[in-house]
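Counting in this note's numbering, the sequence shown runs from 1006 upward without gaps.
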Amino acid sequence: MNSEANHGKSRQPDDLVFVVQKHQASHLHYDFRLELDGVLKSWAVPKGPSLNPNDKRLAIMVEDHPFEYRTFEGVIAEGGYGAGEVIVWDQGTYSPLAGQTRDAMQEQLRKQFEQGALHFLLYGEKLRGEFTLIRSKRIGEQSWLLIKKRDQYASQTDILQQDRSVITGKRLGEIT
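Structure below.
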């Protein structure tokens, strides 16, 4: 990751990682993943993330993924769970709005997760600034809403038009 993508902040050992994988499975969606307690907490976002604070994007919580999965790009074979192509659409680090040390940040995130309202800053190559994930049980037990907060990075621009992998520069359909 370059320092500009991380708001001029070089990656530190205590930084928590996020990744967004664009996934052409039975339906195209984006897998939004946040590192917490050594795993990637994961949500499937059917319409993909948005930089527009007016957009409330459905995010269905799915099972945790191994931390090592954060850099996976390739094809999941037919018959396998999530069969189809995957690219790393965005990646970077993130932090809650409070907490300085890794332990303090994770404790804050655990509490927010249990309360059903995660508030965090993303330092990615495409996604930057403040976001919120809010649990919405009225929609469904595993349903959350991913919302961009109003800040200097909010935009009406359709960020999904930037459709290349931040690792390889490839698009879905170009993965072998």
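All C-beta atoms, glycine included, are put in the ideal place defined by N, C-alpha and C.
For residue j and residue i, the rounded distance between their alpha carbons
i	j	result
Asp1019	Leu1045	16 Å
Ala1010	Arg1133	In this prediction, Ala1010 has a pLDDT of 40, which is less than 50 and means its spatial position is unreliable; what the coordinates show is noted afterwards. Taking the straight line joining both Cα atoms gives about 8 Å.
Gln1105	Glu1083	43 Å
Ser1047	His1070	7 Å
Arg1169	Gly1129	14 Å
Ser1031	Gly1089	8 Å
Gln1117	Tyr1158	23 Å
Ser1008	Asp1108	Annotation note: pLDDT 34 at Ser1008 (below 50); position unreliable, no value reported.
Ser1148	Arg1062	10 Å
Glu1179	Val1080	10 Å
Lys1175	Ile1065	26 Å
Leu1041	Leu1123	12 Å
Arg1115	Gly1121	10 Å
Beta bridge counterpart(s) of residue i as assigned by DSSP
i	result
His1034	His1028
Leu1039	Phe1023, Lys1046
Gly1097	Phe1023, Gly1129
Gly1089	Ile1081
Simplified DSSP state of residue i, which is helix, strand or coil
i	result
Asp1069	strand
Asp1108	helix
Glu1130	coil
Leu1165	helix
Leu1063	strand
Leu1177	coil
Phe1077	coil
Arg1155	coil
Glu1119	helix
Cβ separation of residue i and residue j, assumed to be a contact under 8 Å, to the nearest whole Å
i	j	result
Phe1136	Lys1153	6 Å
Val1171	Asp1095	6 Å
Leu1151	Pro1054	6 Å
Ala1049	Asp1060	Actually they do not touch by this definition, with Cβ atoms about 16 Å apart.
Beta-carbon proximity check, residue i vs residue j, cutoff 7 Å
i	j	result
Glu1073	Ile1092	no
Val1024	Arg1075	yes
Gln1182	Ala1103	In the structure as shown, the chain starts at 1006 and stops at 1181, and residue 1182 therefore has no counterpart that could be examined.
Ala1142	Gln1167	One detail in the question is off: residue 1142 reads as Lys in this sequence, not Ala. No, they are not a contact pair.
Pro1051	Arg1155	no
Leu1127	Tyr1086	no
Leu1056	Ile1164	yes
Closer than 6 Å: residue i CB and nearest the ligand GDP heavy atom
i	result
Gly1145	Absence of the ligand GDP from the depicted structure is noted, as is the absence of any ligand whatsoever, leaving it without description.
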